[in-house]
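First comes the structure, then the notes that go with it.
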Amino acid sequence: MQKVQSTCNFCAIDCNLDFYVEDGKIVRTVPTKGYPVNDGFSCIKGLSLSKQQTTVKPGALPKIRQGDGSMKEVSWDQAFNHVAGKIKELQEKYGRESVAGISTGQLTLEEFAIFGHVMRNYLQTNVDGNTRLCMASAAVAHKGTLGYDAPGYTLQDLELSDTLIFIGANPVVAHPIVWGRVRNNKVPGHKIIVIDPRRSETAMNADYHYEIRPRSDLALMYTLANILIEKDWIDHEFIEAHTNKFDEFAQFVKAFPISRGVEATGISEDRIMELATMIHTGKAVSFWWTMGVNQGYEAVTTARAIMNLALMTGNIGKPGTGGNSITGQCNAMGSRLFSNTTCLFGGGDFTDEAESRRLADIIGIDPDLMAKKPTIPYNKIIEGINAGEIKGLWILCTNPRHSWTNNETFAEAAKKLELFVVQDIYDNIESAEDATVYFPVVPGIKKAGTYINLERRMSAMRPVLPRGENEISDYECILGVAKALGMGSAIERWETPEQCFDMLRDISRGRPCDFSGVKWDEGRQWPYPEGREAEFADDQRRLYSDGVFFTPNGKANFLFEELLDNPYVQTEEFPLIYNTGRGTVGQWHTQSRTKEVKFVEDVSLKKAYLYMNTKMAEENDVHEMDQVRVYSVNGQNAVFYVKVTDNVPYDQLYAPIHYIECNKLTPSSYDKYSREPNYKGGTCRFEKV
Ligand code: SF4
Numbered sequence: 001m002q003k004v005q006s007t008c009n010f011c012a013i014d015c016n017l018d019f020y021v022e023d024g025k026i027v028r029t030v031p032t033k034g035y036p037v038n039d040g041f042s043c044i045k046g047l048s049l050s051k052q053q054t055t056v057k058p059g060a061l062p063k064i065r066q067g068d069g070s071m072k073e074v075s076w077d078q079a080f081n082h083v084a085g086k087i088k089e090l091q092e093k094y095g096r097e098s099v100a101g102i103s104t105g106q107l108t109l110e111e112f113a114i115f116g117h118v119m120r121n122y123l124q125t126n127v128d129g130n131t132r133l134c135m136a137s138a139a140v141a142h143k144g145t146l147g148y149d150a151p152g153y154t155l156q157d158l159e160l161s162d163t164l165i166f167i168g169a170n171p172v173v174a175h176p177i178v179w180g181r182v183r184n185n186k187v188p189g190h191k192i193i194v195i196d197p198r199r200s201e202t203a204m205n206a207d208y209h210y211e212i213r214p215r216s217d218l219a220l221m222y223t224l225a226n227i228l229i230e231k232d233w234i235d236h237e238f239i240e241a242h243t244n245k246f247d248e249f250a251q252f253v254k255a256f257p258i259s260r261g262v263e264a265t266g267i268s269e270d271r272i273m274e275l276a277t278m279i280h281t282g283k284a285v286s287f288w289w290t291m292g293v294n295q296g297y298e299a300v301t302t303a304r305a306i307m308n309l310a311l312m313t314g315n316i317g318k319p320g321t322g323g324n325s326i327t328g329q330c331n332a333m334g335s336r337l338f339s340n341t342t343c344l345f346g347g348g349d350f351t352d353e354a355e356s357r358r359l360a361d362i363i364g365i366d367p368d369l370m371a372k373k374p375t376i377p378y379n380k381i382i383e384g385i386n387a388g389e390i391k392g393l394w395i396l397c398t399n400p401r402h403s404w405t406n407n408e409t410f411a412e413a414a415k416k417l418e419l420f421v422v423q424d425i426y427d428n429i430e431s432a433e434d435a436t437v438y439f440p441v442v443p444g445i446k447k448a449g450t451y452i453n454l455e456r457r458m459s460a461m462r463p464v465l466p467r468g469e470n471e472i473s474d475y476e477c478i479l480g481v482a483k484a485l486g487m488g489s490a491i492e493r494w495e496t497p498e499q500c501f502d503m504l505r506d507i508s509r510g511r512p513c514d515f516s517g518v519k520w521d522e523g524r525q526w527p528y529p530e531g532r533e534a535e536f537a538d539d540q541r542r543l544y545s546d547g548v549f550f551t552p553n554g555k556a557n558f559l560f561e562e563l564l565d566n567p568y569v570q571t572e573e574f575p576l577i578y579n580t581g582r583g584t585v586g587q588w589h590t591q592s593r594t595k596e597v598k599f600v601e602d603v604s605l606k607k608a609y610l611y612m613n614t615k616m617a618e619e620n621d622v623h624e625m626d627q628v629r630v631y632s633v634n635g636q637n638a639v640f641y642v643k644v645t646d647n648v649p650y651d652q653l654y655a656p657i658h659y660i661e662c663n664k665l666t667p668s669s670y671d672k673y674s675r676e677p678n679y680k681g682g683t684c685r686f687e688k689v
């Protein structure tokens, strides 16, 4: 029996697993003992990875839609030539930006790098990723405050903190290993605090739960900052030595007396003071946020406000501290730095000509062919298709017909495309319905590549199972189209993922994400510069311990601004808040992957459901598993089964994201900086069916 250690490619933890293989089949999957991330533990999704070998049809060929609407299998070469020819035809007829791509944080580093190279450099067009749907707000916030998209923590900080504050985060369900690390915390008297409108599974297990009104988190952060300053519970020395613009910030938050915090959040003065006092008395305070913050209309400002609290109290760069974002997908961190979408490979600016020339030299392309500007964001791609300006779309490993906000707008767009390439391990995802070309690619257990997890750790994905005839990876698929496009010397250095990794390693040299010392097969946190390996040998490292940030003067920035008006307040017509999020530990995103796992399916509802408050249900004669039709402020409606609970506030409904009905009802509204959808900001009403 052969043992192969590889990486789970669901969530951003990037657990390592030992796969035991016999006669071309995985017979056992065991979480890797001693791996610094998960040390012998994993969740049910990682353990189910072996099941994916059963659903990808061995030897499947690509398909092209025919004039009569049917899909016909063709050879890989025919498919590559068809797609390349169509891209060229559309670009000649309608302009370069008439073709676009949407990639994903589920791909490997090498895969979205080559996709970004082909689409953004060679074809000079737009590519965004579904990272835009979850981590864009954190990325923008990091760049402004820290000078680079560099979350500074290591997972060990969860075990070393005496005051852990989770804001809009539900790790019990969404990041079970994060929660496992919290449970490992042995600091005497440590406190677990949750700030969330809903009594989430994490809130149920916390010591303190602050059930604030939806979208009042920013007002709460500013109120807390004001209290900390008024009480002089701040770290003057740290602020003076390591931050910019504190005096302006202190002046600004004077407009947030405790009464304003009470009015915004709906929690009492005493409870706000209790929270501020715990921040003050904690010796190692850590703040952790995720989608409850990122998916809002003022998400970037809220994330910055959380980091401001960490900075002003000196809770950064030390064990058990930090203003820390918890990343969503297995390689969202990698896609943020190496997809060539919002920044040059390695995090540089598209206007930095010297950096652009350096990169062109490494990747073997004429500097004139380097992308000159950031991509247009995801929403502009969909709007561009609906406006008739974008005629071709290539999506990889993502399911926007389900996951895009107000998702009927994607359904409408998909029908207008002249070329719609769907590249995925499943041909039955909702997005594939209108595909004009389908590329079947192999799942992660049959390919090689690299991921970067939420704490900046490179992690190797290694082929566990051999490939059959005609089976190719996402990387090879993109390479095939690149060659058919006639890229010639511009693609010569990209022949294998390993060659690509070598180039990316060179690109990272000297940058904050420097991983020039990391070998292809290694799991290491960046930075890990070549020649300084001994200095960086510790496998649980955090950034900013020297108080130096990546801004021009090395100091972190206090960034702040006045609250925005909520675009969707409750009205008589739409009196309820429509909140969304993860359903269960076993379900992943749009369920294209987890619905094939029997032991997940056996315990999951097959139809869309939502949670309704007990009192609201009683008032409307709604009982457990009755059906209601929900009408959204976005003009759409959908039917859901009801689960009655006291864990959702009276005037809110909570719908799990794993059903297509969920995002049918979310609004077309975005954070103004990150352009991340305001998924949790809609309003609605319902009637019993
Ligand atoms: S889904 Fe996340 S927590 Fe679960 S095994 Fe995979 S990487 Fe680990």
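Residue numbers (our numbering): 1 to 689. For each residue, glycine too, the CB sits at the ideal point set by N, CA and C.
Return the CA-CA distance between lysine 33 and proline 319, expressed in angstroms with no decimal places. 24 Å
Taking all protein chains shown into account, do 16 or more other C-beta atoms lie within 10 angstroms of the C-beta of glutamate 561, making it buried, or fewer, making it exposed? exposed
Would you list, in sequence order, the uninterrupted alpha helix (DSSP H) runs of no fewer than 4 residues that lie entirely inside the stretch 321-355? 332-338
Beta-carbon proximity of asparagine 691 to glutamine 106, cut-off 8 Å: No answer is possible for residue 691: it lies beyond the span of the chain, which begins at 1 and ends at 689.
Skipping 5 residues on each side, what residues in its chain have a beta carbon closer than 7 Å to that of glutamate 269? Around glutamate 269, the same chain offers Ile258, Val262 as residues with beta carbons nearer than 7 Å, after the five sequence neighbours per side are excluded.
Just how far apart, CA to CA, sit lysine 372 and proline 649? 48 Å
Round the Cβ separation of threonine 398 and asparagine 126 to the nearest angstrom and send it over; I've been treating them as touching at under 8 Å. Their Cβ separation, rounded to whole angstroms, is 15 Å, which puts threonine 398 and asparagine 126 out of contact at 8 Å.
Does DSSP classify aspartate 39 as helix, strand or coil? coil
Measuring alpha carbon to alpha carbon, tell me which residue in His589, Phe501, Ile363, Lys143 is nearest tyrosine 673. Lys143
In the DSSP assignment, what are the bridge partners of lysine 72? Ile64
Any non-hydrogen atom of ligand 1 closer than 7 Å to lysine 691 Cβ: With the chain covering only 1 through 689, there is no way to say anything about residue 691.
Histidine 209 bridges to which residues according to DSSP? Val194
Nearer than 7 Å: is that true of the beta carbon of lysine 45 relative to any heavy atom of ligand 1? At least one heavy atom of ligand 1 is nearer than 7 Å to the Cβ of lysine 45, so yes.
Pull up the CB-CB distance for cysteine 662 and alanine 608, whole angstroms please, since I reckon it's below 8 Å. 7 Å
Looking at the strands, I want to know which residues DSSP matches up with isoleucine 472. According to DSSP, which records beta bridges pairwise, isoleucine 472 is partnered with nothing at all.
Would you list, in sequence order, the uninterrupted alpha helix (DSSP H) runs of no fewer than 4 residues that lie entirely inside the stretch 225-259? 236-242, 246-253
Comparing alpha-carbon positions, which option in Asn557, Asn637, Tyr148, Met221 lies nearest isoleucine 239? A check of alpha carbon separations from isoleucine 239 across Asn557, Asn637, Tyr148, Met221 identifies Asn557 as the nearest.
Helix, strand or coil for glutamate 671 per DSSP? The amino acid occupying residue 671 in the given sequence is aspartate; glutamate does not appear at that position. Aspartate 671: coil per DSSP, three-state reduction.
Outcome for valine 639 when other beta-carbon atoms lying within 10 angstroms are tallied against a minimum of 16: exposed
Is there contact here, the stretch 225-234 with the stretch 195-202, by at least three beta-carbon pairs under 8 Å? no
Alanine 448 versus cysteine 8: straight-line alpha-carbon distance, rounded: 12 Å
In the DSSP assignment, find the unbroken alpha helix (DSSP H) run with aspartate 506 in it and report its ends. 497-508
Can you give me the Cβ contacts of serine 592 inside the same chain, cut-off strictly under 7 Å, excluding the 5 residues immediately before and after it? Asn399, Tyr426, Ile429
Quick one: give me the first and last residue of the alpha helix (DSSP H) that glutamate 110 is part of. 109-116
Give the straight-line distance between the Cα atoms of leucine 504 and aspartate 247, rounded to the nearest whole angstrom. In a straight line, the C-alpha of leucine 504 is about 40 Å away from that of aspartate 247.
I need the straight-line Cα distance from lysine 446 to isoleucine 267, nearest angstrom please. 51 Å
Is any heavy atom in ligand 3 found nearer than 7 Å to the beta carbon of asparagine 331? As for ligand 3, it is missing from this structure, which binds only ligand 1.
Under three-state DSSP, which class holds arginine 685? strand
Using the C-alpha atoms, what's the distance from threonine 683 back to glycine 488? For glycine 488 and threonine 683, the distance between alpha carbons rounds to 52 Å.
Expressed to the nearest angstrom, what Euclidean distance is found between the alpha-carbon atoms of alanine 360 and valine 585? 43 Å
I'd like the span of the beta strand (DSSP E) that includes valine 99, first residue to last. DSSP places valine 99 in the uninterrupted beta strand (DSSP E) bounded by 99-103.
Measure how close the beta-carbons of threonine 590 and histidine 402 come, nearest whole angstrom, since I'm counting them as under 8 Å. 4 Å
With a 10 Å radius around its C-beta and 16 neighbouring C-beta atoms as the bar for buried, classify methionine 695 as buried or exposed. Since the first and last residues shown for the chain are 1 and 689, residue 695 lies out of range.
Would you check if there are 3 or more beta carbon pairs closer than 8 Å linking the stretch 338-349 to the stretch 491-511? A contact exists between the stretch 338-349 and the stretch 491-511.
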